[in-house]
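K.L.:
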Amino acid sequence: MMYQRIIALCMTGIISSLLTTGTAAVEAVRTEAVEDYVEEQQPASVSVTTKTFTTAIVDGKPADDLRAFENTVDTIYFYTVLEGLKGQAVTHRWKYAGHVISNADISVTDDPFSTWSSNKIEPNWTGFWTVQVLDKNSEVIGFGTFQYDHTRNVQMDPSLKAGTGGKGGGGGGWGWGRGRGWGW
Numbered sequence: 000m001m002y003q004r005i006i007a008l009c010m011t012g013i014i015s016s017l018l019t020t021g022t023a024a025v026e027a028v029r030t031e032a033v034e035d036y037v038e039e040q041q042p043a044s045v046s047v048t049t050k051t052f053t054t055a056i057v058d059g060k061p062a063d064d065l066r067a068f069e070n071t072v073d074t075i076y077f078y079t080v081l082e083g084l085k086g087q088a089v090t091h092r093w094k095y096a097g098h099v100i101s102n103a104d105i106s107v108t109d110d111p112f113s114t115w116s117s118n119k120i121e122p123n124w125t126g127f128w129t130v131q132v133l134d135k136n137s138e139v140i141g142f143g144t145f146q147y148d149h150t151r152n153v154q155m156d157p158s159l160k161a162g163t164g165g166k167g168g169g170g171g172g173w174g175w176g177r178g179r180g181w182g183w
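Here it is, written out as structure tokens:
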């Protein structure tokens, strides 16, 4: 009887993991399609030429390029390169579960202009996150998404660790945002 119960619990866990992985894969494909659409809609004079999520900024550059983070990572950075925005201000808006967690206001002083913001994330804030790049009129000019999840779920889907490949494209609550810039 005990043996059958253990097998039933194991099977339930396996099925649950497969369903979770399938949902994550569908969400990743859906997110990439939306990012591609948004990029196509941007005016040629303004662009976010690089969007990278990373665990650290080293000498003004991302240390790595990830789409998924284990919930043991407590700070995530969003690195962008902006073109055609010299003299303007942009905002990196960090969103989770439909709520704005933080905003990082950034003054663009050069063209092109590399910058980043960071957000401290609680271990139980698992799921998909979005960081929007807003122009001076609060219009979205680019965004990126990443998954923040338990170690087991991130390791089960290695495609989530694939980098974004440099595709174009304050605070509230417990989160915080900080922006910095480097001119080229």
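The sequence shown lines up with residues 0 to 183 when you count with numbering that gives the first Met the number 0. Here a beta-carbon is modelled for each residue, glycine too, at the ideal position from N, C-alpha and C.
Given a cut-off of 8 Å, decide if residue 56 and residue 78 are closer than it, judged by their beta-carbon atoms.
P.N.:
Contact flag set, yes.
K.L.:
At which residues does the beta strand (DSSP E) containing residue 92 begin and terminate?
P.N.:
88 to 95
K.L.:
Do the stretch 138 to 149 and the stretch 103 to 110 meet, that is, are 3 or more Cβ pairs less than 8 Å apart?
P.N.:
no
K.L.:
Looking at residue 66 and residue 133, is the spacing between their C-beta atoms short of 8 Å?
P.N.:
No, they are not a contact pair.
K.L.:
Look up residue 150 in the DSSP assignment and say whether it is helix, strand or coil.
P.N.:
helix
K.L.:
Am I right that residue 90 and residue 76 are in contact with their C-beta atoms under 8 Å? What's the rounded C-beta distance?
P.N.:
The Cβ separation is near 16 Å, so there is no contact.
K.L.:
Use the C-beta contact count for residue 122: other C-beta atoms within 10 angstroms, 16 or more gives buried, fewer gives exposed.
P.N.:
exposed
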